[in-house]
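K.L.:
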Amino acid sequence: MWVIVMILTLCGVVQGVSKAPLVSTKLGQIKGSELGDGHAQFLGVPYAVVDKNNPFGPSTPHPGFNETFEANKSKMCSQINDNVAVGILDSLAMNIYVPKTADSQNLLPVMVWIHGGGFVGGSADDKGKSSPIEFMKHDVIVIGINYRLGIYGFMNLDIPEVPGNQGLKDQVLAFRWIRENIEAFGGNPNNVTAFGSSAGGISINLHLVSPNEKLFDKAIIQSGTVYMRFWLSEVDYTIPIRIAQELGFNTTDKLEAVKYLSTIDPLVVLNTVNDLKHDGVNVKSEINPKTVPYVEKKFQGVENLVTEKIDNIVSSNKVETTPILLGDNSNEAAVVIHAADDEFYKRFDFGRHLSLGFDFKGPVPEEAVKSVKDFYVNDDNLDALKDGVLKFMSDFYFSHPTQKTQEFLLGIGARSLYRYMFSYSGDRNMIKAINNFTVNGATHGDELGYLFSYDIFGKTNPQDQIMVDRMVTIWTNFAKYGNPTPTKTDLFPIKWEPTTKYSPKYVDIDQDLTLGTVPFPERMEFWTKFYERYGQYQI
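Residue numbers (the numbering used here): 1156 to 1694.
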């Protein structure tokens, strides 16, 4: 139960009265602050501790507090921002936002946000720029969690000291902390929904099929799935050696390099990583990123998370018993190529991109490249080329992986899987607003502006407010009921049914809600046939 404690501020005479929420948990007392309208927020609540002697290895649960913890400042994990290293390593913390309606007699659903950022960037509250205030109106507790990023969260050396997927395992500890402690805040530990975008969505997807215990009761996967390109990488043992050498420590032993790097300021290490331009070291490398999830080796006494390739998984009790909301946006790849010049399109190499998803044991077959190019670019003019490249990039990296993930989840037992596509274009489309560009539909991350309140937006216009109300209601309905539209209303004049293997369904979220079977059916059919021909070469 959380208790509002009245704190009197005395400056000779009473200046006024402020309210500070105080919670008694199993780990000690935590004091937060007001979020507004009587709601409470607890920022930077630690859930785990990074090993100072090996910050590249597993973290451990936070031991708790001897004194009241002042939860008034959010944290950000070490990362590169605008080519400069920022953040701190001691950042395994969460932000907890609690509606005023929460109490021990009214335990509320809990929604846990896992941020995106390619496993190299981001934070629980988008570096202090976002707030889930709209969710508070729907009587749900929202929690945003940090997890280690870049080489600290995802370097893998196939040794017990650095087994890989440390950032994902941080998330596991966060969910365990929530199960044990959220009731003290008025949250229901038996009604926890994980939701996340991009890398956050991939994370949730991996937790669903991991050998660990069931960490959450429902899952919302936004524009990030296990079939996306780049998410799984081969181990490169030379990474710590090359970073150490750049810092003046010469060794050929990977563990010695790790021990050395553990003594160096993380910001110095990250700036060095950022300066290296070798494929496999630079975390921004498009060709060969090495700070992403891996299939791990098993070691005695080391907890695993990703133990086999996705296609080897044939059943999952967690997937069978977890309602899932899965989707992406209508024009995902515009986020990547919106600023590309004409030369980019004229020189665009379809084969190079295919090689990132398929290992043909040699050059990409000419007939494979030709089939893709002929399908997407059916005219010689530049506008047709631009349109085709955008659709190819969206399909290859986002839309078709989402479709494959739907088929995979249904194939291993998903019983309650809802599919959406977000197509709305308004003033709060997040990525288009940040980067100041226009494109039809919604690009990667655009839906976030209709879920969270961001400081870059001014007053919301009436049409966008309808979309805010619609999106937040869909998400919170799903958290409460496992159904995005349990009843028809003016806001939801449709009956949204789960998709199945033999009766596919999805909802297009635009100015109106539209029912369909498969997003972009002709394009998805092309890739189905492509995989029938070349699927054995899939990475």
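A virtual CB, placed ideally from N, CA and C, is assigned to each residue, including glycine. Since this is a predicted model, take the numbers as computed values, not measurements.
If distances are taken between C-alpha atoms only, which option among Ser1417, Asn1301, Gln1558 comes closest to Pro1676?
P.N.:
Within the sequence shown, numbered from 1, the residue matching residue 1676 stands at position 521. Comparing Cα-Cα distances from Pro1676 to each of Ser1417, Asn1301, Gln1558, the minimum goes to Gln1558.
K.L.:
Do you know how far the Cα of Leu1565 is from the Cα of Arg1397?
P.N.:
Taking the sequence shown and counting its residues from 1, one reaches residue 1397 at position 242. Taking the sequence shown and counting its residues from 1, one reaches residue 1565 at position 410. Each residue's alpha carbon lies about 43 Å from the other.
K.L.:
Closest by CA to Phe1515, which one among Ile1694, Gly1193, Thr1348?
P.N.:
Looking up residue 1515 in the sequence shown gives position 360. Of Ile1694, Gly1193, Thr1348, the residue nearest in Cα terms is Ile1694.
K.L.:
Quick one, are the C-beta atoms of Arg1570 and Lys1660 less than 8 Å apart?
P.N.:
The sequence position of residue 1570 within the sequence shown is 415, counting from 1. The sequence position of residue 1660 within the sequence shown is 505, counting from 1. No, the Cβ-Cβ distance between Arg1570 and Lys1660 is not below 8 Å.
K.L.:
Whether or not the segment 1344–1355 and the segment 1259–1275 are in contact is what I'm after, with contact meaning three or more pairs of Cβ atoms, one per stretch, closer than 8 Å; do they touch?
P.N.:
yes
K.L.:
In chain order, what are the residue ranges of uninterrupted beta strand (DSSP E) at least 3 long that sit wholly in the segment 1542–1578?
P.N.:
1572–1577
K.L.:
Name the residue from Ile1567, Pro1201, Ser1417 whose alpha carbon lies nearest to the alpha carbon of Ile1713.
P.N.:
Outside the displayed span of the chain (1156 to 1694) sits residue 1713, for which this structure offers no information.
K.L.:
How about Asn1250 and Leu1198: do their beta carbons lie closer than 8 Å?
P.N.:
Translated into positions along the sequence shown, residue 1250 becomes position 95. Translated into positions along the sequence shown, residue 1198 becomes position 43. Yes; because the gap between Cβ atoms is below 8 Å, this pair is in contact.
K.L.:
Since Ile1243 is in the beta strand (DSSP E), which residue starts that stretch and which ends it?
P.N.:
Along the sequence shown, one-based indexing puts residue 1243 at 88. Per DSSP, Ile1243 belongs to no beta strand (DSSP E) and is neither H nor E.
K.L.:
So does the segment 1370–1384 actually touch the segment 1478–1486, counting three or more Cβ pairs closer than 8 Å?
P.N.:
yes
K.L.:
Straight-line CA distance for Ser1286 to Lys1464?
P.N.:
Numbered from its first residue, the sequence shown carries residue 1286 at position 131. Numbered from its first residue, the sequence shown carries residue 1464 at position 309. The alpha-carbon atoms of Ser1286 and Lys1464 are separated by roughly 36 Å.
K.L.:
So is Asp1408 buried or exposed if we call it buried at 16+ other beta carbons inside 10 Å?
P.N.:
Along the sequence shown, one-based indexing puts residue 1408 at 253. The residue is exposed, with fewer than 16 neighbouring Cβ atoms inside 10 Å.
K.L.:
Ignoring anything shorter than 4 residues or poking outside the segment 1458–1508, list the alpha helix (DSSP H) runs there in chain order.
P.N.:
1472–1475, 1489–1492, 1497–1501
K.L.:
Indicate whether Asn1261 and Gly1341 have their beta-carbon atoms separated by less than 8 Å.
P.N.:
Stepping through the sequence shown from its first residue, residue 1261 is reached at position 106. Stepping through the sequence shown from its first residue, residue 1341 is reached at position 186. Taking a C-beta distance under 8 Å as the contact criterion, Asn1261 and Gly1341 qualify as a contact pair.
K.L.:
Who are Glu1225's beta bridge partners in DSSP?
P.N.:
On the sequence shown, residue 1225 is found 70 positions in, with the first residue counted as 1. The partner list for Glu1225 (beta bridge, DSSP) reads Lys1186.
K.L.:
Between the alpha carbons of Asp1280 and Ser1229, how many angstroms are there, rounded?
P.N.:
The residue you call residue 1280 lines up with position 125 of the sequence shown. The residue you call residue 1229 lines up with position 74 of the sequence shown. Going by the C-alpha atoms only, they are around 8 Å apart.
K.L.:
Count the other CB atoms, across all protein chains shown, that sit within 10 Å of the CB of Phe1274; report buried if there are 16 or more and exposed otherwise.
P.N.:
Translated into the one-based positions of the sequence shown, residue 1274 becomes position 119. By the neighbour-count rule (16 or more Cβ atoms within 10 Å), Phe1274 is buried.
K.L.:
Where do the N-terminal and C-terminal ends of the beta strand (DSSP E) with His1194 fall, by residue?
P.N.:
Residue mapping note: residue 1194 aligns to position 39 of the sequence shown, counting from 1. Boundaries of the beta strand (DSSP E) around His1194: 1194–1201.
K.L.:
Are the segment 1485–1495 and the segment 1534–1546 in contact at 8 Å, needing three or more beta carbon pairs?
P.N.:
yes
K.L.:
From the DSSP output, in three-state form, read off Gln1234 for me.
P.N.:
Taking the first residue of the sequence shown as position 1, residue 1234 is located at position 79. Here Gln1234 sits in strand by DSSP.
K.L.:
Do Leu1247 and Ser1233 have their CB atoms nearer than 8 Å?
P.N.:
The sequence position of residue 1247 within the sequence shown is 92, counting from 1. The sequence position of residue 1233 within the sequence shown is 78, counting from 1. Contact: no.
K.L.:
Mind checking Pro1176: buried by the 16 CB within 10 Å criterion, or exposed?
P.N.:
Against the sequence shown, residue 1176 aligns to sequence position 21. Buried is the call here.
K.L.:
Specify the secondary structure class of Val1450 as computed by DSSP and reduced to three states.
P.N.:
Taking the first residue of the sequence shown as position 1, residue 1450 is located at position 295. In the structure shown, Val1450 adopts coil according to DSSP, grouped into three states.
K.L.:
When the Cα of Asn1472 is compared with those of Asn1590, Thr1654, Ile1337, Leu1370, which residue comes out closest?
P.N.:
The residue you call residue 1472 lines up with position 317 of the sequence shown. When only C-alpha atoms are compared, the closest one is Leu1370.
K.L.:
Which residue wins for smallest C-alpha separation from Asp1538, given the options Asp1550, Pro1518, Phe1553, Tyr1500?
P.N.:
The count along the sequence shown starts at 1 and reaches residue 1538 at position 383. The shortest Cα separation from Asp1538 among Asp1550, Pro1518, Phe1553, Tyr1500 belongs to Tyr1500.
K.L.:
Going by the DSSP bridge assignment, what does Tyr1609 pair with across the sheet?
P.N.:
Here residue 1609 refers to the residue found at position 454 of the sequence shown. Tyr1609 pairs with Ser1285.
K.L.:
What's the gap between the Cα of Arg1507 and the Cα of Met1585?
P.N.:
Mapped onto the sequence shown, residue 1507 falls at position 352. Mapped onto the sequence shown, residue 1585 falls at position 430. Whole-angstrom Cα-Cα distance: 30 Å.
K.L.:
What did DSSP end up calling Thr1644 once you bin it into helix, strand or coil?
P.N.:
Here residue 1644 corresponds to residue number 489 of the sequence shown, with the count starting at 1. Coil.
K.L.:
Tell me, to the nearest whole angstrom, how far the beta carbon of Ala1203 is from that of Leu1328; I am working on the premise that it is less than 8 Å.
P.N.:
As a working note, residue 1203 is residue 48 in the sequence shown. As a working note, residue 1328 is residue 173 in the sequence shown. Right, the Cβ-Cβ distance comes to about 4 Å (below 8 Å), so this counts as a contact.
K.L.:
So what does DSSP say about Gln1620, is it helix, strand or coil?
P.N.:
In the sequence shown, counting from the first residue as 1, residue 1620 sits at position 465. Looking at Gln1620 - three-state DSSP - the assignment turns out to be helix.
K.L.:
Throw me the rounded Cβ distance for the Arg1625 and Gly1604 pair, which I believe falls under 8 Å.
P.N.:
What you label residue 1625 is simply residue 470 of the sequence shown in a count that begins at 1. What you label residue 1604 is simply residue 449 of the sequence shown in a count that begins at 1. Actually they are not in contact, since the Cβ atoms of Arg1625 and Gly1604 sit about 13 Å apart, beyond 8 Å.
K.L.:
Is there a C-beta anywhere in chain D that falls below 8 Å from the one on Phe1503?
P.N.:
Among the chains of the structure shown, chain D does not appear; only one protein chain is present.
K.L.:
Distance check for Asp1534 and Thr1631, CA to CA, integer angstroms please.
P.N.:
Residue numbering aside, residue 1631 sits at position 476 when the sequence shown is read from its first letter. Residue numbering aside, residue 1534 sits at position 379 when the sequence shown is read from its first letter. CA-to-CA, the gap between Thr1631 and Asp1534 works out to about 45 Å.
K.L.:
Indicate the three-state DSSP secondary structure (helix, strand or coil) for Ala1634 in the structure shown.
P.N.:
Within the sequence shown, the letter at position 479 stands for residue 1634. Helix at Ala1634.
K.L.:
Check whether the segment 1300–1318 touches the segment 1215–1224, counting contact only when three or more Cβ pairs, one atom from each stretch, lie closer than 8 Å.
P.N.:
no
K.L.:
State the start and end residues of the unbroken beta strand (DSSP E) segment that holds Pro1264.
P.N.:
Counting from 1 along the sequence shown, the entry for residue 1264 is found at position 109. Pro1264 -> beta strand (DSSP E) spans 1263–1269.
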